[in-house]
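Just below is one structure, and these are the notes that go with it.
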Amino acid sequence: MEFSLFLELFDIESFYKRAITKPSTGRDGIGFRDFAKVKDAELDTIIRKVDKKCYKFTPYNEILVPKRYDSTPRRLAIPTIRDRVLLTALKDYIAYHFPEYSSPSHQHVIIRAIQDDVLRSGYVLKTDFKNYYDSIPHDKLLLILRSRIVDPYAIKIIEWAVNNHIFPSGFINKKPDFYRSEGLPQGIPISNILANIYGGAIDHIMLGRRYYRYMDDIIIFSDSREELEIVKSELNTKSSSLGLTINSEKTAIHRVAEGFEFLGYEYDGRNFSIKFTSLDKHYRKLADMMRRLEEDISGKNIRYRGVPKNIIYNNFLDDLNTHITGAIYKGKKLGFTFYFSLSSSLSQFYALDNFIEVNLGKYNRDFPDHIPIRRHVQACIRWKHNNPEGYIKNFDVVLSTEERFDYLTERGILAPPIEQHTAEQVNQTYERYVRNRLRSLGSFSGNVVY
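Numbering-wise (the UniProt record's numbering), the sequence shown opens with residue 1 and increments by one.
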């Protein structure tokens, strides 16, 4: 199927709605509110230029995101909203041809399978690729894509997208004379699926083994150290043919009983628990929320000066509870407690609840009774038994416009009376508010299964 026909058959409006969930602005400086004013014309421009095979990308805006204090920041590429709409459609087009790679294996599923494998394995090999995204060769990637995508213009536009220039803010838009032959720009909608497709070449040689891959993180179990040594050699050979390099510093073979870390979990030879860095990050998030509450109440935060305390408390408790329990949104389970509900022990969750109780107790706040503070332990048990109803917020439950308006007025987002607002304004504001609140939970997610 040609890409232009794909755009005609599928509603480009749906691609637009998904594209505007990202708040960052591209090099044209146009945010989603300004784009919405010219949306119809811009979407028509996308369809027309793709149909005429003359679409060109604006250079991406560069954003540097810190990882750890001892490592270089991650370089993200931020497209314009118009480019993001097209790239979102292009992602679905690629997924249409490579459905098995449309999303990486969910981490929760991988951890659950690993919990079974550690009971019947003696040894483990853990490794990853060095600078995976930055090392993927374009020619080899495009060769894989051409095996299923027959539209030459679709291949060309994918090539333009991954080779597009990335400039820091304020940099003059003069394109340098070079062609980047490798690397996927992180931050654009098609990067993850392309990286997953390329990693699939490794999956094929691991068939029949106790092998798990999440993007570039790999773990393999066996009863024999000798077998894992052979696997390690095969990985090195295959990786080299793909233009990739196994990270020798992070590659190790040892007994399963000695423990390992994978996807935020830690195994000590007997139990699975939350890795220290993952747990510490959550503690810091909770502490930051409580610190900001003091700033909001005292008036240090300009945004909340003059705002009634009950609204500040409502916002704080709503956010705190969401970070404690997680949530369900758009068919996905979100949040720290959901993701780590496969932990063998509840002790880390009890400690988190005690941390919140002690620190909130210092301020002796008179919180409203209608929003009780949730507990990590209870939420974890609910997730373990797949019973979130009544305790964990499900944003997929359909609310009337009036219920959405009440929710927003309690948090000071909209002012009464409801007659001053159209139903469309209320619903759009609600969706945008919920998306923004849940964005920080997205790194821990999985599909809802009842």
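Where a beta carbon is used, it is the ideal one built from N, C-alpha and C, also for glycine.
For Pro99, the three-state secondary structure derived from DSSP is helix. Segment contact: the region 327–346 against the region 378–391, three or more CB-CB distances shorter than 8 Å; contact assigned. Burial check for Phe276: the Cβ neighbour count within 10 Å stays below 16, so the residue is exposed. Here Leu7 has Ile47, Val50 and Ala89 as same chain residues with Cβ atoms under 7 Å from its own Cβ, once five neighbours each way along the sequence are excluded. Taken atom to atom, the span from the alpha-carbon of Phe262 to that of Ile219 is near 8 Å.
Distance from the CA of Ile144 to the CA of Pro417, rounded to the nearest whole angstrom, comes to 57 Å.
In the DSSP assignment, Thr127 falls within the unbroken beta strand (DSSP E) covering Tyr123 to Asp128. By DSSP's assignment, Arg210 forms a beta bridge with Phe221. In this structure, DSSP gives Arg435 a helical state, which the three-state scheme calls helix. CA-to-CA, the gap between Tyr212 and Glu402 works out to about 47 Å.
With 16 or more other Cβ atoms from the protein chains shown falling within 10 Å of its own Cβ, His108 counts as buried. Sixteen is the threshold: since fewer than 16 other Cβ atoms of the shown chains lie within 10 Å of the Cβ of Pro99, the residue is exposed. Residue state for Arg82 is assigned as helix, using DSSP reduced to three classes. Nearest to Glu2 by C-alpha distance, out of Ala41, Ser121 and Arg148, is Arg148.
Each residue's CA atom was taken as its position, placing Ile94 and Asn163 some 17 Å apart.
Around the beta carbon of Thr127, 16 or more other beta carbons lie within 10 angstroms, which makes this residue buried. Asp223 sits exposed, since fewer than 16 C-beta atoms from the chains shown fall within 10 Å of its C-beta.
For Ile157, no beta strand (DSSP E) encloses it; the enclosing alpha helix (DSSP H) starts and ends at Pro152 to Asn163. Ile20: not part of any beta strand (DSSP E); DSSP gives it neither H nor E. By the Cβ neighbour-count rule, Gly331 is exposed, with fewer than 16 other Cβ atoms within 10 Å of its own. Nearest to Tyr198 by alpha-carbon distance, out of Glu258, Ala161 and Tyr133, is Tyr133. Under the rule that a run must span 4 or more residues, the alpha helix (DSSP H) segments found entirely inside the region 359–420 read 376–384 and 401–410. The Cβ neighbour count for Asn436, taken over all protein chains shown within 10 Å, is under 16; the residue is labelled exposed.
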